[in-house]
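**Q** If you count by the numbering used here, then the sequence shown holds residues 38 to 534, one letter each, in order.
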Amino acid sequence: MEPKKIYEVAMYLRKSRDDTGGEEDVLLKHETALTDLVRKNNWRYVIYREIGSSDSIDFRPEFKRLLKDIKNDFYDAVVVMDYDRLSRGDKEDRARIEKTLQQSNTLVVTPHRVYDLNDEDQELITDIEGVFARYEYRMIKKRFQRGKKIGARLGHWTNGPAPFPYVYNSEAHSLDVDPEKLDVYNFIKHRILSGTTCSGVCWELNRQGIQSPKGKLWSESVLYRLILNEVHLGRVVYGKTSGGLHKKRKAAPFKVIPRENWIVVENAHPAVKTPEEHAEIVTLLESRRIQPKHARRGTYLLSGLLYCGKCGYSLQFQPKPNGRTLVKKCQKTDAFGNCCGNRGIELEHVEKAVMESLREHEAVLLKTPVETNESDFPTEHLLHTKERELESLRDGANRLKDLFVMGDVTKAEYKTRLERLKDLTVKKENEYEQLKESLDGCTPLTHAERLQLIDELKASWKAAIDVQERNRLMKLIIGRIEYRRNGGEVDIQVKFR
38 MEPKKIYEVA MYLRKSRDDT GGEEDVLLKH ETALTDLVRK NNWRYVIYRE IGSSDSIDFR
98 PEFKRLLKDI KNDFYDAVVV MDYDRLSRGD KEDRARIEKT LQQSNTLVVT PHRVYDLNDE
158 DQELITDIEG VFARYEYRMI KKRFQRGKKI GARLGHWTNG PAPFPYVYNS EAHSLDVDPE
218 KLDVYNFIKH RILSGTTCSG VCWELNRQGI QSPKGKLWSE SVLYRLILNE VHLGRVVYGK
278 TSGGLHKKRK AAPFKVIPRE NWIVVENAHP AVKTPEEHAE IVTLLESRRI QPKHARRGTY
338 LLSGLLYCGK CGYSLQFQPK PNGRTLVKKC QKTDAFGNCC GNRGIELEHV EKAVMESLRE
398 HEAVLLKTPV ETNESDFPTE HLLHTKEREL ESLRDGANRL KDLFVMGDVT KAEYKTRLER
458 LKDLTVKKEN EYEQLKESLD GCTPLTHAER LQLIDELKAS WKAAIDVQER NRLMKLIIGR
518 IEYRRNGGEV DIQVKFR
């Protein structure tokens, strides 16, 4: 069979975990070699660059974009340094890549050979190479983890970016103190020891224009983790947890390792707080630990449903000696300590307004024909709209390629318009995925289900069912209640599911 002719190619450049660092940029080295190859053969090419260590396709955005372009028959071949640059993933990922290449009849070209996956002999070779590549990746990963553990035992810093106020010393594989950052750290430490709350210290730092370690405004959670970090005692601590919590990334289950099994090395780098200061900070913060909120226990009818209409913060309730309950004034403060101050009200007034909204909602549902269910779910309609927009963009890319092949557009114009189409497609794909994730696991209520839940809620009062059960039913019907008060004017917005 005559070999397939190659005119248009995609150049895929990937810098992975096992690529050595140093003076020479690996991506630049690979790009130079592959550019020489495609120019030698007079192929037109588009470059896809990716930096990352993930073996899974789902976490390689450039490769996902490349696969879509291959499906749309943009290229005759994919040019890579080695075949395993495409995937060291599991069998499912390899099968997905091979199927896409086979169906589009796209070749894989390396500086050493050409792979045609529609050739049975070459398909067998690539399967064998894939198995060895996956084995090699696992060995590299294992050696990498073992190296981190050995380094930690030697007192080296192996836990990623240096924590504030340190900087990483690559020659000593250790941490050095940054004098400017140390001044900020000492300010934080002394303010906490003097009794100031974490939120109070954050307000002071933000008012002074001092940025957090990531260059943003300080938040209570960031400062809390920072001030409790044992690394500031001069220790290297390794092996506190194992596994991962990521929803999609394949990893062993997340597990907290008992302290006696941690690797702890003392005096590994300069300390910026004493053990006595650390113990006092722990005691202070533990004494302020917030008790579980009533919202989690469903203590009140609107527990976990009522939010401030000004700032969006969850509102709290306060029982009074006379038996009444107040919706407390909103206590939320911004990053500079300015309080929202949305005034409170008696809970009874809010409950009456919510029940009135519930009756109005029921009346609307009873008047609405059951056949028009889909109109109740604008999110699903929007999802279909996004799908049509994506299809239109993909069709546009195909039509553009036809125009280029027929000579109706120049090469420069083709590349410019194609890049614009790709950017739009990636944007729409992200919007589509985010919208799809928001729908996953939360199927909208049907027309009949909504009416049934309202009936159950009304019946719960007559049957004297406890408030926790009524709160549960309320949460099935209502997604959020927003309360806003300006002087004597009260605005309550009920958002139904």
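Backbone N, C-alpha and C fix where the C-beta goes; we use that ideal spot for every residue, glycine too.
Reducing DSSP to helix, strand and coil, say where Arg436 ends up.
**A** If DSSP states are grouped into helix, strand and coil, Arg436 belongs with the helices.
**Q** Have a look at the DSSP bridge pairing and note the partners of Lys292.
**A** Lys292 is bridged to Ser279.
**Q** Helix, strand or coil for Gln530 per DSSP?
**A** Correct three-state label for Gln530: strand.
**Q** Helix, strand or coil for Thr311 per DSSP?
**A** The answer is coil: DSSP assigns Thr311 none of H, G, I, E or B.
**Q** Mind checking Asp106: buried by the 16 CB within 10 Å criterion, or exposed?
**A** Burial call: buried.
**Q** Determine the closest residue to Pro356 out of Val364, Tyr350 and Lys186, with distance taken between C-alpha atoms.
**A** Ranking Val364, Tyr350 and Lys186 by Cα distance to Pro356 puts Val364 first.
**Q** Determine the contact status of Leu219 and Glu317, defining contact as a CB-CB distance below 8 Å.
**A** It is not a contact, given that the beta carbons lie outside the stated cut-off.
**Q** So, do the region 224-239 and the region 248-257 have three or more beta carbon pairs nearer to each other than 8 Å?
**A** Verdict: yes, contact present.
**Q** Give me the Cα-Cα distance between Arg325 and His315, rounded to the nearest whole angstrom.
**A** Looking at the two C-alpha atoms, the distance is approximately 16 Å.
**Q** According to DSSP, is Gly188 helix, strand or coil?
**A** Here Gly188 sits in helix by DSSP.
**Q** With respect to the beta strand (DSSP E) encompassing Phe354, which residues constitute its N-terminal and C-terminal limits?
**A** Start and end: Phe354 to Pro356.
**Q** Bridge partners of Leu144, per DSSP?
**A** Paired residue(s): Ala114.
**Q** Cutting at 6 Å between CB atoms, please list the residues of its own chain near Gly188, excluding the five before and the five after it.
**A** Counting only Cβ-Cβ distances below 6 Å, and skipping sequence neighbours, we find Thr195.
**Q** If you draw a straight line from the C-alpha of Asn359 to the C-alpha of Glu385, how long is it?
**A** Rounded to the nearest angstrom, the two C-alpha atoms are 13 Å apart.
**Q** When you compare each of Thr311, Lys277 and Arg272 to Val302 by their alpha carbons, which one comes out closest?
**A** Val302 has its Cα closest to that of Arg272, out of Thr311, Lys277 and Arg272.
**Q** Rounded to whole angstroms, how far is the Cβ of Tyr520 from the Cβ of Val387, which I believe are closer than 8 Å?
**A** With 8 Å as the limit, Tyr520 and Val387 qualify as a contact, their Cβ atoms being about 6 Å apart.
**Q** Can the beta-carbon of Lys41 be found less than 8 Å from the beta-carbon of Leu138?
**A** Going by C-beta atoms, Lys41 is not nearer than 8 Å to Leu138.
**Q** Do you know offhand how far Pro312's Cα is from Asp215's?
**A** Using only the alpha carbons, I get a separation of about 21 Å.
**Q** Tell me which residue opens and which closes the alpha helix (DSSP H) that Tyr520 is part of.
**A** Note, Tyr520: premise wrong, no alpha helix (DSSP H); beta strand (DSSP E) at Ile515 to Asn523.
**Q** What is the DSSP secondary structure of Ile229, reduced to helix, strand or coil?
**A** If DSSP states are grouped into helix, strand and coil, Ile229 belongs with the helices.
**Q** Would you report the Cα separation of Asp413 and Ala485, rounded to the nearest angstrom?
**A** Caution applies to Asp413, whose pLDDT of 42 falls short of 50 and renders its modelled position unreliable; the model cannot decide the point.
**Q** Within its chain, find whatever has a CB closer than 7 Å to the CB of Lys108; leave out the 5 residues flanking it on each side and keep chain order.
**A** If we look at Lys108 and ignore the five residues flanking it on each side, its Cβ neighbours are Thr137 and Ser141.
**Q** Does Lys310 pass the burial test, meaning 16 or more other C-beta atoms within 10 Å, or should it be called exposed?
**A** By the 10 Å Cβ count, Lys310 comes out buried.
**Q** By Cβ distance below 6 Å, which residues in the same chain neighbour Cys376 in space, the five residues on each side in sequence not counted?
**A** Once the five neighbours on either side are set aside, the close Cβ partners of Cys376 are Thr370.
**Q** Please report how far the alpha carbon of Arg522 lies from the alpha carbon of Phe373, in whole angstroms.
**A** Distance between the alpha carbons of Arg522 and Phe373: 23 Å.
**Q** So is Gly184 buried or exposed if we call it buried at 16+ other beta carbons inside 10 Å?
**A** Gly184 comes out exposed.
**Q** With H, G and I counted as helix, E and B as strand and the rest as coil, what does DSSP make of Ala47?
**A** In this structure, Ala47 counts as strand in the three-state DSSP scheme.
**Q** I need the boundaries of the alpha helix (DSSP H) containing Tyr261, first residue and last residue.
**A** It spans Glu257 to Ile264 - the alpha helix (DSSP H) in which Tyr261 sits, taken as one unbroken run.
**Q** Would you mind working out which of Ile518, Arg517, Gly516 and Leu490 sits nearest Glu506, comparing C-alpha positions?
**A** Looking at the Cα atoms, Leu490 is the closest of the given residues.
**Q** Grab me the residues of Arg133's own chain with a C-beta within less than 6 Å of its C-beta, minus the 5 sequence neighbours each way, in chain order.
**A** Nothing listed; no residue qualifies.
**Q** By the 10 Å Cβ neighbour count, where 16 or more other Cβ atoms means buried, how is Trp240 classified, buried or exposed?
**A** By the 10 Å Cβ count, Trp240 comes out buried.
**Q** Within 10 Å of its beta-carbon, does Asp508 have 16 or more other beta-carbons around it, so buried, or fewer, so exposed?
**A** According to the sequence shown, residue 508 is Asn rather than Asp. By the 10 Å Cβ count, Asn508 comes out buried.
**Q** With respect to the beta strand (DSSP E) encompassing Ser351, which residues constitute its N-terminal and C-terminal limits?
**A** Where Ser351 is concerned, there is no enclosing beta strand (DSSP E), given that its DSSP letter is neither H nor E.
**Q** Thinking Asn379 and Gly341 are a contact (beta carbons under 8 Å), I'd like their distance in whole angstroms, please.
**A** Rounded, the Cβ-Cβ distance is 18 Å, inconsistent with contact.
**Q** Residues in the same chain with beta-carbon distance under 7 Å from Val531, minus the five sequence neighbours each way, listed in chain order, please.
**A** Hits under 7 Å: Val391, Ser394, Ile515 and Ile518.
**Q** Sort Lys438, Leu430 and Gly276 by Cα distance to Lys292 and report the nearest one.
**A** The candidate whose alpha carbon is nearest that of Lys292 is Gly276.
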